[in-house]
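Following the numbering used here, the numbering of the sequence shown begins with 22 at its first residue and continues without gaps. Cβ atoms here follow ideal geometry from the backbone N, Cα and C, with glycine treated the same way. Read the structure below first, then the notes.
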Amino acid sequence: MIIYGTRATHLESKNLIGETCPQCHKQGTINMSIFGRYAHLFWIPFFPAGKIGFSQCTHCLHALEVKEMPDNLKRQFQRLKASVQYPRWHFTGLGLLALAGVALGIFLKEENKANQEYLASPQVGDVYEYKTNTDHYSTLKVVEVKDKSVLVLENLYETEARGQVHTLNKEANYTKPAIEISKQELQKQYEEGKIFDVERD
Ligand SMILES: [Zn+2]
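And the structure:
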């Protein structure tokens, strides 16, 4: 199974009226063809990876790669190559990546907005995911909401993997007594990145 690599597709061919075949010396029998190479990943064309060319005589069928061509044919190759564009579909993967980037950007922005709203008006049951002083990760759970502060229970456990922190959110992991944190302090810790996510059911 080939997951990535390069392929080539035919872009353009042109008959070179004024050129002579180096093999059979007939004039006007040389066809120059340009192929566009592209890198693919999981069969999706990703980005162009250069142009290659061949010439072939329609009379004697003698074919030449660029490096084998006499100088006059090399010049013709360069000229034709410069005039041919890569087809758009050779850029499919890059286009998809750009779209994914835009979608991710929108998602992150929306999530950030939601987190800020949750922190500004906390509810009982909200879970704050935060970074500990030893660069581990743990959670706090809101058990009471006051006018300018919240009461939270601390999680007994922490993890080294940020992506795993949600697995710590179990009722039995939380320990009393509750501690009080002002809403202002919550905002500050979010802005500093100490609290990095708010989960609400
Ligand atoms: Zn020929």
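Could you check how far apart the C-beta atoms of residue i and residue j are, in whole angstroms? I think they sit under 8 Å.
i           : j           : result
residue 24  : residue 63  : 6 Å
residue 221 : residue 168 : Residue 221 to residue 168, Cβ: 20 Å. No contact.
residue 58  : residue 73  : 6 Å
residue 94  : residue 85  : 7 Å
residue 44  : residue 78  : 6 Å
Only counting the same chain, and skipping five residues up and downstream in sequence, which positions put a Cβ closer than 8 Å to that of residue i?
i           : result
residue 157 : 179, 180 and 181
residue 139 : 147, 219 and 221
residue 61  : 25, 26, 27, 28, 67 and 114
residue 34  : 52, 53, 54 and 55
residue 117 : 65
Look at residue i and residue j and say whether their C-beta atoms are less than 8 Å apart.
i           : j           : result
residue 198 : residue 171 : no
residue 165 : residue 145 : yes
residue 42  : residue 50  : yes
residue 186 : residue 153 : no
residue 205 : residue 151 : no
Go ahead and label residue i buried or exposed: buried means 16 or more other beta carbons lie within 10 angstroms of its beta carbon, across all protein chains shown.
i           : result
residue 123 : exposed
residue 104 : exposed
residue 88  : exposed
residue 128 : exposed
residue 102 : buried
So, for residue i: in the same chain, excluding its five sequence neighbours on each side, which residues have a beta-carbon less than 7 Å away from its beta-carbon?
i           : result
residue 107 : 57 and 69
So, at 6 Å on beta carbons, what are the nonlocal neighbours of residue i in its own chain, with the 5 sequence-adjacent residues on each side left out?
i           : result
residue 174 : 162, 164, 195 and 199
residue 207 : 140
residue 36  : 52
**Request:** Give me every residue whose Cβ sits closer than 7 Å to any heavy atom of ligand 1, in chain order.
**Result:** Listed along the chain, these residues meet the criterion: 42, 44, 45, 47, 50, 78, 80, 81 and 83.
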